[in-house]
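Heads up, the sequence shown is in UniProt numbering, so the first residue is 1 and it goes up one at a time.
The beta carbon of each residue, even a glycine, is placed where N, CA and C say it ideally should be.
Quantities reported herein were computed from a predicted structural model and do not represent experimental measurements.
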Amino acid sequence: MGGKLKTALTEMLGVDHPVMLAGMGPISGHEIVAAVSNAGGFGTLGLGAGHMVPEGLRKEIRLLKESLRPPGKFGVDILIPQVGGNARKTNHDYTGGNLPGLVDVMIEEGCSLFVCAVGVPPQWVVDKLHSAGIPVMNMVGAPHHVLKALEVGVDMVCAQGTEAGGHTGTVATVPLVPQVVDLVRGRKNFFGKQVPVVAAGGIFDGRGLAAALALGASGIWVGTRFLATPECNTSPVHRKKVLNARSTDVYQTILYTGRPCRGVWGTEEYTRQWEESGEIDSLCKRGVVPFERDLRKGKAHYYYFNNNIMGQAVGGIKEIKPAAEVVAELVNDALEVLDRSTKLVARL
Numbered sequence: 001m002g003g004k005l006k007t008a009l010t011e012m013l014g015v016d017h018p019v020m021l022a023g024m025g026p027i028s029g030h031e032i033v034a035a036v037s038n039a040g041g042f043g044t045l046g047l048g049a050g051h052m053v054p055e056g057l058r059k060e061i062r063l064l065k066e067s068l069r070p071p072g073k074f075g076v077d078i079l080i081p082q083v084g085g086n087a088r089k090t091n092h093d094y095t096g097g098n099l100p101g102l103v104d105v106m107i108e109e110g111c112s113l114f115v116c117a118v119g120v121p122p123q124w125v126v127d128k129l130h131s132a133g134i135p136v137m138n139m140v141g142a143p144h145h146v147l148k149a150l151e152v153g154v155d156m157v158c159a160q161g162t163e164a165g166g167h168t169g170t171v172a173t174v175p176l177v178p179q180v181v182d183l184v185r186g187r188k189n190f191f192g193k194q195v196p197v198v199a200a201g202g203i204f205d206g207r208g209l210a211a212a213l214a215l216g217a218s219g220i221w222v223g224t225r226f227l228a229t230p231e232c233n234t235s236p237v238h239r240k241k242v243l244n245a246r247s248t249d250v251y252q253t254i255l256y257t258g259r260p261c262r263g264v265w266g267t268e269e270y271t272r273q274w275e276e277s278g279e280i281d282s283l284c285k286r287g288v289v290p291f292e293r294d295l296r297k298g299k300a301h302y303y304y305f306n307n308n309i310m311g312q313a314v315g316g317i318k319e320i321k322p323a324a325e326v327v328a329e330l331v332n333d334a335l336e337v338l339d340r341s342t343k344l345v346a347r348l
């Protein structure tokens, strides 16, 4: 079935389809971002270690622009956790003090959206981006996070359920999304639009997109499904794990980042040894992230982490497909589901 889904999200971002590529750190590089945006969706760059400096981000954006076709929409996703106060002792500034410079690069390079994850964006960031005409989306994992995000003026909210890969909360997608939709109802953003809600967590096909729209969301934020595409920066080992893993194989651990992070951690002997030690929680409570400490000592490798990040959607992913094909299937299958659903309504 051909066609388009016109929603508050597609209007806000100026794209054809309400499908957003999740900014998955270095995994969401310029190739997959361009592929998703060129297919009518919205690609989001994730910042890896090498891009947490302004010139690293600028280089990645310029590589992206070499492949990006009009309208040339793209976003940038940065993790900005609260540091100090009542926050987790393991929280720290992932940008290493480079956030002001990164914001400047986003403005100078014509970024279409800034996405803030694992915390609420600082007020000055929101204000500066707004002054440049750039909207801001905040990731939330629980209903009580929404009002904090709205207070600083975010323009969009992504409600990410615990099924998602990477950093997640504990509330599942189905109960989370409707609550977030209710909380933003009637709220206008900086651009005078109703604040759109994007659904995330466990969505891997058109049925998930249709369900998200039925829950009141205006679109979806998809990560795990795009891991199984040739354009994504997944290693052969990572891609194989995505195709072979079951939904029950993924679980959360704080071993790697000090905050709940979902993946197939049990495939690594390194993870199993730490879990058997029983020391993960005690170290994190003292502000020590075991994996980061081991990296500094040369006792761990980044691939222990990077090769295992994925969400519960893996159980439904069985083949590698080009990103454009994934976007098209998500939309076309959702249109079919929605069409069938209308026929379920009894006519009086």
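Note to self: Taking the beta strand (DSSP E) that L113 belongs to, which residues open and close that run?
What the structure shows: Per DSSP, L113 belongs to the beta strand (DSSP E) from 113-117.
Next item on the list: Consult DSSP for C158 and reduce its assignment to one of helix, strand or coil.
Entry: Strand at C158.
Margin query: Spatial neighbours of I61 within its chain, please: C-beta separation below 6 Å, excluding the five flanking residues on both sides.
Written below: So the qualifying residues of the chain are E109.
Checklist line | Simplified DSSP state of L5, which is helix, strand or coil | finding: For L5, the three-state secondary structure derived from DSSP is coil.
Margin query: Give the list of continuous beta strand (DSSP E) stretches no shorter than 3 residues that lie fully inside the segment 18-83.
Written below: For the segment 18-83, whole beta strand (DSSP E) runs of length 3 or above, ordered along the chain, are 19-21, 43-46, 74-79.
Next item on the list: Kindly confirm or deny that the segment 191-202 and the segment 146-165 touch, where touching means at least three C-beta pairs closer than 8 Å.
Entry: Touching, per the Cβ criterion.
Next item on the list: Decide if the segment 217-227 is in contact with the segment 238-255; the criterion is three or more beta carbon pairs, one per stretch, under 8 Å apart.
Entry: With the cut-off at 8 Å, the segment 217-227 and the segment 238-255 touch.
Note to self: Classify D93: buried if its beta carbon has 16 or more other beta carbons within 10 angstroms, exposed otherwise.
What the structure shows: That one is exposed.
Note to self: Using only the alpha-carbon positions, how far apart do G56 and A149 sit?
What the structure shows: Pairing G56 with A149, the inter-Cα distance amounts to about 28 Å.
Check: Nearest to A178 by alpha carbon, out of V152, D294, T168, V140?
Finding: The sequence given here places Pro at residue 178; Ala does not occur at that position. Ranking V152, D294, T168, V140 by Cα distance to P178 puts V140 first.
Checklist line | Where N138 falls: helix, strand or coil (DSSP) | finding: For N138, the three-state secondary structure derived from DSSP is strand.
Check: Just checking, does the segment 18-35 make contact with the segment 75-92 on the three C-beta pairs under 8 Å criterion?
Finding: Yes, since at least three Cβ pairs between the segment 18-35 and the segment 75-92 fall closer than 8 Å, the two stretches touch.
Next item on the list: Tell me whether V36 is buried or exposed, calling it buried when 16 or more other Cβ atoms sit within 10 Å of its Cβ.
Entry: Counting C-beta atoms within 10 angstroms of its own C-beta, V36 has 16 or more neighbours from the protein chains shown and is therefore classed as buried.
Next item on the list: Kindly indicate which residue of P230, G85, V314, P121 has the alpha-carbon position closest to the one of L99.
Entry: Distance check between L99 and each of P230, G85, V314, P121 places P121 closest, using alpha-carbon atoms only.
Next item on the list: Would you tell me roughly how many angstroms separate the C-alpha atoms of M106 and P54, rounded to the nearest one?
Entry: Across the structure, M106 and P54 are spaced so that their CA atoms are roughly 9 Å apart.
Check: Which parts of the segment 145-190 are runs of the alpha helix (DSSP H), unbroken and 4 residues or longer, counting only runs that do not cross its ends?
Finding: Under the rule that a run must span 4 or more residues, the alpha helix (DSSP H) segments found entirely inside the segment 145-190 read 173-184.
Check: In the DSSP assignment, what are the bridge partners of A199?
Finding: Under the DSSP definition of a beta bridge, A199 partners with A159, I220.
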